[in-house]
Amino acid sequence: WFEVEADGSFKYTRNGHFELDREGRMVNTSGQPIQSEKGGPIVFSPGDMNIVIKSDGTITASGVDRGKIKVVTFDDKQLLKKVSGNLYKSSGEPKKATDFSMVQGMLEKSNVQPIMEVTRMIDTLRGYQSTQKLLEQEHDLQRKAIEKLTRET
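So the sequence shown is numbered by my numbering: it starts at 15 and just counts up by one.
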């Protein structure tokens, strides 16, 4: 999780699409500053070029160290509450993440394959419909049997 400053407090997001705002701060797509491990936003100078983000989150620009992106994790993800979009707040304390690797220019992929999930959903729906039809037919047979027995007696 990346820590951002939003509405005067820290929030957390998995969205790794960052850009620079007019003040030279690294921000997410909503304009919220990305926090550094040392605290505060990551700020670039107007002349900075060749911005490089290493796999551990360390950022250099024009060969000068600009800080390290604060990446955190949570022991209990149930304490994360959605604030808006892909922004969360936590009632628990975050801890420094150690088991991660960043790749500049890449975004995290979903662990869901939409086509496969839609196919499974359709299969499940068809199974449900078949079962429902079978139950309706059984109900009709029982109703007809009861009607026939009541006429004969």
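Just so it is clear, CB atoms sit at the ideal spot from N, CA and C, and this is done for glycine as well.
On a predicted model such as this, the values are computed, not experimentally measured, just so you know.
Item	Value
Beta-carbon separation (whole angstroms), L101 vs T43, contact threshold 8 Å	Contact doesn't hold; Cβ gap of about 11 Å is too wide.
Rounded distance between the beta-carbons of S76 and D89, thought under 8 Å	Actually they do not touch by this definition, with Cβ atoms about 38 Å apart.
Stretch pair the segment 18-27 + the segment 43-53: three plus CB contacts closer than 8 Å	yes
Near the ligand COA: E19 beta-carbon under 7 Å from a heavy atom	The model on display carries no ligand, and the ligand COA is accordingly not part of it.
Cα-Cα separation between L139 and T133, rounded to whole angstroms	10 Å
Expected contact under 8 Å - CB spacing of K110 and K103 to nearest Å	Wrong, their Cβ atoms sit about 18 Å apart, outside the cutoff.
Other residues of its chain near S144: CB distance less than 7 Å, five sequence neighbours each side excluded	none
Residues sharing a beta bridge with K25, DSSP	V18
Pick from Y142, Q92, M135, G119 that is closest to S69, judged by C-alpha positions	G119
Those residues which DSSP pairs with Y102 across a bridge	Y26, K96
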